[in-house]
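These notes are about the structure you will find just below.
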Amino acid sequence: MRRIVLVGRNGSIRAHAERYARFEDATVAGVVPDADSGTDPLDGIDAPRYDSLATALDTTVAHGVDICGSGVGRADAIDTALSADVPVRCDPPLSLDDAATERLVSRASTGNGWVLVRSPHRFSRLYDRLRAGVETGSIGTIGVARIKRTAPFDGPGWNVSYAGVQRENPVEDVLCEVLAHDFDVLDWTFDAVERVFVRTRSREGYAHGHALLTFRGGGRATVETTWGRDDAPAPRLHVEYSGNHGRLDFHERDASTALSDGRRCLTVDPIEDDCRGRSLRTFVDSVRGEKRHPETVSDRVATRIAVAARRSADRGKPVTLTGGDA
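The opening residue of the sequence shown carries number 606 in this note's numbering; numbering runs sequentially from there.
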């Protein structure tokens, strides 16, 4: 039985705990909720609560630490786990700061711990279907990949990818945490990203971000996201990959948990088998040694792109990942 300590906001901890409860070979050994988690209760989680991860790791046996959300703002917790040689998982990005990222990579390389950083999008059947189509030549040479969504924090279950993102944070930080999921999938599906250009705008009730990515081998991607800072707009999603031979796409009506007759979901994946559940399953299997775990920190590319995107948003101009600014 693998014992996992959960760190994060109450709502995100609860969402992950519900999934671990469905696994026969994993249990929640403890929870470390944020001090500002609000009034969202942690009822039903049969695990001790700790004020700090250090206390939790000193007090209980832990085989893994789950940062229930992105690594942004969690460098100290990740460092604490790695110092104790305990494996960690988090959503991308690992950080929005180059120095913090390199410090964590260095820490992981000098001990027995490791960090698994992957977007739950990688475990979505819809994204996997598109990737398989790209690999078999369905679109030919990539021309443009387009991703557009609204309300990433509210609505049907397919929005669980953004658990832990705090929309009250600065617009640029929130945007880069959201875009990091797309960066991860685009890098997983296509060629390496060479350049990124990000623009943001916000009004009293909403925020919007637009990213343009250029692939090293040719082609580009555009990613747009809009979210309500107060009242959320209706959830929408459209993903399209087009090339010289054709295109592949899906939208929110294709997402199984979004299918509804207006009163209830008609087709819902069991939570342990939705994209986030499969992501956590991979972490447990890696902790158990049944799947190869990263040597130090997996999939740093999404974090590198997110750091460049944050810099681009600050400077208002493109940033090249392989060299200086464009």
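Beta carbons are placed, not taken as given, at the ideal position from N, Cα and C, and that holds for glycine.
- Setting aside the 5 residues that flank it on each side, Asp890 is surrounded in the same chain by Lys896, each with a C-beta closer than 8 angstroms to its C-beta; the list follows chain order.
- Spanning the alpha carbons of His668 and Gly810 requires a straight line of approximately 43 angstroms.
- For Leu842, DSSP records a beta bridge to Arg754.
- Secondary structure of Val710 (DSSP, three-state): helix.
- With fewer than three CB-CB distances shorter than 8 angstroms, the segment 825-837 does not count as touching the segment 877-892.
- The beta-carbon distance between Val612 and Leu647, rounded to whole angstroms, is 13 angstroms. This is too long to meet the 8 angstroms contact definition.
- When rounded, the separation of the alpha-carbon atoms in Arg804 and Ala816 is 7 angstroms.
- Nearest C-alpha to Arg712 among Asp690, Val770 and Gly851: Asp690.
- In the DSSP assignment, the residues bridged to Thr830 are Arg754 and Gly814.
- Residue state for Arg627 is assigned as coil, using DSSP reduced to three classes.
- Around the beta-carbon of Ala622, 16 or more other beta-carbon atoms lie within 10 Å, marking it buried.
- Thr706 places its beta carbon 8 angstroms or farther from that of Asn849.
- Beta-bridge analysis with DSSP links Thr805 to Gly814.
- For Glu782, the number of other beta carbons within 10 angstroms of its own is at least 16, and it is reported as buried.
- Three or more beta-carbon pairs separated by less than 8 angstroms are not found between the segment 673-693 and the segment 647-656, which leaves the two stretches without contact.
- With a cut-off of 8 angstroms on Cβ pairs, the segment 746-756 is in contact with the segment 837-851, counting three or more such pairs.
- Scanning the segment 631-686 for uninterrupted beta strand (DSSP E) segments of 3 residues or longer gives 631-638 and 669-675, listed from N- to C-terminal end.
- Ile744 carries a coil assignment under DSSP once its states are collapsed to helix, strand and coil.
- Across the structure, Ala914 and Ala907 are spaced so that their CA atoms are roughly 10 angstroms apart.
- Taking all protein chains in view, the Cβ of Asn615 is crowded by 16 or more other Cβ atoms within 10 Å, so the residue is classified as buried.
- For Asp696, the enclosing beta strand (DSSP E) stretches over residues Val693 to Asp696.
- DSSP places Ser724 in the coil class of the three-state scheme, outside both helix and strand.
- Burial state of Asp656 is exposed, judged by a 10 Å Cβ sphere holding fewer than 16 other Cβ atoms.
- Under DSSP, His856 forms a beta bridge with His843.
- For a cut-off of 8 angstroms, the C-beta gap from Thr632 to Arg608 is around 6 angstroms, short enough to register as a contact.
- Per DSSP, Gly882 is one residue of the alpha helix (DSSP H) stretching across Cys880 to Arg893.
- A straight-line Cα-Cα distance of about 21 angstroms links Asp684 and Ala785.
- Here His843 is actually not in contact with Asp789; their C-beta atoms are around 19 angstroms apart, not less than 8 angstroms.
- Taking all protein chains in view, the Cβ of Asp835 is surrounded by fewer than 16 other Cβ atoms within 10 Å, so the residue is classified as exposed.
- Arg916 has its alpha-carbon roughly 19 angstroms from the corresponding atom of Arg821.
- Looking at the DSSP output, Phe788 shares a beta bridge with no other residue.
- Boundaries cannot be given for Ile876, as no beta strand (DSSP E) includes it and DSSP labels it neither H nor E.
- In the DSSP assignment, the residues bridged to Arg607 are Ala631.
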